[in-house]
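For reference, the structure is listed below as structure tokens.
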Amino acid sequence: MDDKLSIRVNVADRYYPLRINREDEERIRKAAKMINEKVLQYKQHYSDKDHQDFLGMAALQFVIKLLEFEEKQDDSPIVEMARELDQQLTEILERE
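Residue 86 in the numbering used here sits at position 11 of the sequence shown; the count goes up by one each step and never skips.
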């Protein structure tokens, strides 16, 4: 059985149709949300720029974080879990 799912993902006010594995949906939607949040941050601080600039800076920031993570990959899994929990708690507290 083909466990594919068709979704539409909004990234910087554009919708992209994707055909994905069902188990990847949450990760993809979370990634799109993170991009949109970063673009919004840049938009609020630099109103004289356009979406391309915001997307470029967001991409740069996320790749820098990815490279930092790869460089520290020998960190223990417990440290990474603690970071993820901290991020989730921060998001929950910001909503309240």
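Glycine included, each C-beta is placed from N, C-alpha and C at the ideal position.
Item, Value
"Spatial neighbours of residue 143 in its chain, beta-carbon cut-off 8 Å, leaving aside the 5 residues before and after", "none"
"Euclidean distance between Cα positions of residue 136 and residue 111", "13 Å"
"Given residue 107 as reference, the closest of 90, 122, 98 and 117 once Cα atoms are compared", "90"
"Straight-line Cα distance separating residue 79 from residue 116", "33 Å"
"Contacting residues, own chain, Cβ-Cβ under 8 Å from residue 83 (five flanking each side not counted)", "90, 91, 92 and 93"
"Residue 134, buried or exposed, once every other Cβ within 10 Å from all chains shown has been counted against 16", "exposed"
"Contact belief for residue 141 with residue 87 at Cβ below 8 Å, rounded distance in angstroms", "Going by Cβ atoms, the distance from residue 141 to residue 87 rounds to 19 Å, so no, they are not a contact pair."
"Under the three-state DSSP convention, the category residue 108 falls into", "helix"
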